[in-house]
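Quick notes on the structure that follows.
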Amino acid sequence: MTPQYILVNGDLRTGVSLSGPWHWSLDPYRDGLYDFHGKPYDPTKGRAMDISVADAMAKNPNALFEHDIHRAPVTQVPGSWIGYDPETRHYDGLMWYLKTFDAPARSAKRVFLRFGAADYRADVYLNGQKVGSHEGGFTPFSFEVTDILREKGNNLIVAVDSKRSADTVPPTITDWETYGGITRDVRLVITPQTFVDDDFIRLTKDGRIAADVALEGAGKAGTAVEVAIPALKLTLKGTTDAQGRVSLSAAAPKSLKRWSPDTPVLYDVTVKAGEDTVSDRIGFRTIEVRGADILLNGEPIYLRGISLHEEEFGTSPQRIITQSAARALLGEIKYGLNGNYVRLSHYPHSEVMTRMADEIGLLVWSEVPVYWTVKFDSPTVLKAAQRMQAENILRDRNRASIIIWSIGNETPVSDARNSFYTAMAQHARAIDGTRLVSAALLSHRQIVDGRIDITIDDPIVPELDVLAVNTYNGWYGNDKIEDVPNTVWHSASGKPLLLSEFGADAQYGHFDSEHHSRFSEDYQVDFYNGTLAMADKIPFLRGMSPWILKDFRSPRRQTTWQEGWNRKGLVSETGQRKRAFFVLSDYYKKKAAEE
Ligand code: GCB
Numbered sequence: 001m002t003p004q005y006i007l008v009n010g011d012l013r014t015g016v017s018l019s020g021p022w023h024w025s026l027d028p029y030r031d032g033l034y035d036f037h038g039k040p041y042d043p044t045k046g047r048a049m050d051i052s053v054a055d056a057m058a059k060n061p062n063a064l065f066e067h068d069i070h071r072a073p074v075t076q077v078p079g080s081w082i083g084y085d086p087e088t089r090h091y092d093g094l095m096w097y098l099k100t101f102d103a104p105a106r107s108a109k110r111v112f113l114r115f116g117a118a119d120y121r122a123d124v125y126l127n128g129q130k131v132g133s134h135e136g137g138f139t140p141f142s143f144e145v146t147d148i149l150r151e152k153g154n155n156l157i158v159a160v161d162s163k164r165s166a167d168t169v170p171p172t173i174t175d176w177e178t179y180g181g182i183t184r185d186v187r188l189v190i191t192p193q194t195f196v197d198d199d200f201i202r203l204t205k206d207g208r209i210a211a212d213v214a215l216e217g218a219g220k221a222g223t224a225v226e227v228a229i230p231a232l233k234l235t236l237k238g239t240t241d242a243q244g245r246v247s248l249s250a251a252a253p254k255s256l257k258r259w260s261p262d263t264p265v266l267y268d269v270t271v272k273a274g275e276d277t278v279s280d281r282i283g284f285r286t287i288e289v290r291g292a293d294i295l296l297n298g299e300p301i302y303l304r305g306i307s308l309h310e311e312e313f314g315t316s317p318q319r320i321i322t323q324s325a326a327r328a329l330l331g332e333i334k335y336g337l338n339g340n341y342v343r344l345s346h347y348p349h350s351e352v353m354t355r356m357a358d359e360i361g362l363l364v365w366s367e368v369p370v371y372w373t374v375k376f377d378s379p380t381v382l383k384a385a386q387r388m389q390a391e392n393i394l395r396d397r398n399r400a401s402i403i404i405w406s407i408g409n410e411t412p413v414s415d416a417r418n419s420f421y422t423a424m425a426q427h428a429r430a431i432d433g434t435r436l437v438s439a440a441l442l443s444h445r446q447i448v449d450g451r452i453d454i455t456i457d458d459p460i461v462p463e464l465d466v467l468a469v470n471t472y473n474g475w476y477g478n479d480k481i482e483d484v485p486n487t488v489w490h491s492a493s494g495k496p497l498l499l500s501e502f503g504a505d506a507q508y509g510h511f512d513s514e515h516h517s518r519f520s521e522d523y524q525v526d527f528y529n530g531t532l533a534m535a536d537k538i539p540f541l542r543g544m545s546p547w548i549l550k551d552f553r554s555p556r557r558q559t560t561w562q563e564g565w566n567r568k569g570l571v572s573e574t575g576q577r578k579r580a581f582f583v584l585s586d587y588y589k590k591k592a593a594e595e
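If you're matching positions, the sequence shown starts at 1 in full-length UniProt numbering and goes up one per residue.
Listed below in structure tokens is the structure:
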């Protein structure tokens, strides 16, 4: 299930950025892939290969072309096409992209083409050859192009198809905008013939710094590997086995400062193997569960968080997460809300975001888009979900901020779903046994003795380290928010619980002090006060990530107050704080003071 190449730190390795101006061309009938009777083109002759109409016409001035992507309009990659043009605002389908570029002079090095993400499916052609395909809108993928690349005038064509179906992850209906396109950076990554494909460097629970390193290439076996952390005066040395792997460890030096939200210390770490060197900035901390407690560096911690979609502030987000966009979003959580935690929902966010969480000091819940009604009885869908999970975990295993791998959100219980989730939980642990596994669950509500009574009885509970429940009593359903504080919660497992979601829509600036009606800021304040009062009475609660930091686009939301936006944000789409923001911020300030 793991990708062919991991190219750990591919975003930082030596290379050439291909971000910037690209041509784009709509293809609603998928005409570039299939002929007029629906027969797939031979990929070496089909329209995807219409690399240069000018070249073809130079050979045959009479050649017939009805499409010339070289003349198509130009946009900036990365960024979703929803912002290219009014015509593309609601487009959901196939889009062609073209980038022409010169490459570094050919050398003894290997070259990989790395995409940070393309949503949802991508077929990639370079200089007339198909180099590969990828499914999944939120994780990186790379193809080797060493022998296809030329020094001058490369033509890179990418067909990105945003269309989802019952067989995709996520499927068609989600409560967020699709954001089709090449949404993260594209780079040529240059490596020696044998290179460090993967490294996993961490602090173990028994106080050692451990490194697992995997090389790729003809010389991967029997190569000397050195992992150095100069600030700790620590160097781990070893030699790879026949598979190109080596595992090294040593007692952590006394001088090690452990990473935490209060002390987000990152160390420069380099991994050297043969001619290759990769560098990273890594924090060292431990995370575990003891009874109903979550322990960070051995100490109980309460997660003061909020959920976040990958959308920058602004009236027309295009999912362009730059360092400054990530800093603004995460900074609002850490400094505005007094938070120490963020749920990156409902899919892997950009590595820019997870690196920023390491840097500014926020704990992270990282999720794969197994959302609502995935086809749980399909082995192909499970394979696709596990591949996304592997790509996410392998990209981010060295981020100290990430403490929880979530295997999905609000999925309906069935035997097929339970087996699917069990396989996902086992797969996460097989790739990274050092973090906690969770899922955002639904719970069982009834009225007992006139009170709301909630039981966490999802059959998947035994597979999870931390329980998480989305709860909307007082917004969805018939419960009144006045009754929510007296809710009684039951969980037989003895495990820690997070409220992974709760929230109420409010239009920024809309007040109704008389009736506190829905969509008013007054009602959102009541909802937060009621739910936080409930939270205080749950003995096994160890944190929360209310829904959500900022208003986000959702085609499902088309009322007068929403106009295509889910308005459960504590800040508006442009970043104005609603009143409930201050309710949560004060609550977290008190919580932090209690620690
Ligand atoms: C949920 C979902 C989230 C929705 C939210 C809502 O339970 O997990 O994706 O956006 O509720 O606003 O209804």
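For glycine and all other residues, C-beta sits at the position ideal for the given N, C-alpha and C. What you are looking at is a predicted structure, and each value in this text was computed from that prediction instead of being measured.
- Secondary structure of tryptophan 489 (DSSP, three-state): strand.
- Distance from the CA of proline 496 to the CA of tryptophan 489, rounded to the nearest whole angstrom, comes to 13 Å.
- The beta-bridge partner set that DSSP reports for tryptophan 96 consists of Ser25 and Ala159.
- Glutamine 446: member of the beta strand (DSSP E) spanning 444-448, first to last residue.
- When DSSP states are grouped into helix, strand and coil, glycine 274 belongs to the coil group.
- For valine 352, the enclosing alpha helix (DSSP H) has its first and last residue at 351-360.
- Here DSSP, grouped into helix, strand and coil, assigns alanine 468 to strand.
- Secondary structure of tyrosine 335 (DSSP, three-state): helix.
- Rounded to whole angstroms, alanine 218 and leucine 149 show a C-alpha spacing of 21 Å.
- By the 16-neighbour rule on beta-carbons within 10 angstroms, glycine 116 is buried.
- By alpha-carbon distance to serine 554, the top candidate from Thr174, Ile454, Asp268 and Ser316 is Thr174.
- Distance from the Cα of valine 213 is smallest, within the candidate group Leu236, Pro171 and Val145, for Leu236.
- The way I'd put it, the segment 377-396 does touch the segment 157-177; three or more beta-carbon pairs between them come closer than 8 Å.
- If you draw a straight line from the Cα of arginine 429 to the Cα of leucine 126, it comes to about 36 Å.
- Between the ligand GCB and the CB of lysine 257, the shortest heavy atom gap is not smaller than 6 Å.
- Between valine 269 and leucine 308, the CB-CB gap reaches or exceeds 7 Å.
- Secondary structure note for valine 381: its alpha helix (DSSP H) is the uninterrupted segment 379-396.
- Its chain contains Arg184, Glu310, Glu312, His349, Ser350, Val352 and Met353 as the residues whose beta carbon lies nearer than 8 Å to that of isoleucine 321, once the 5 sequence neighbours on both sides are disregarded; these appear in chain order.
- Shown here, arginine 435 sits in coil according to DSSP, grouped into three states, outside any helix or strand.
- Of all alpha-carbon atoms in Leu188, Gly137 and Lys39, the one lying nearest the alpha-carbon of lysine 109 is that of Leu188.
- In this structure, DSSP gives glutamine 4 a state outside helix and strand, which the three-state scheme calls coil.
- Taken from the Cβ of glutamate 410, at least one heavy atom of the ligand GCB lies inside 6 Å.
- Glutamate 144 is positioned such that its CB atom lies closer than 7 Å to that of phenylalanine 112.
- Residue pairing by DSSP places aspartate 119 opposite Gly181 in a beta bridge.
- For the pair valine 186 and leucine 18, the CB atoms are nearer than the 7 Å cut-off.
- Pairwise C-beta distances place the segment 523-543 in contact with the segment 479-487, as three or more of them are shorter than 8 Å.
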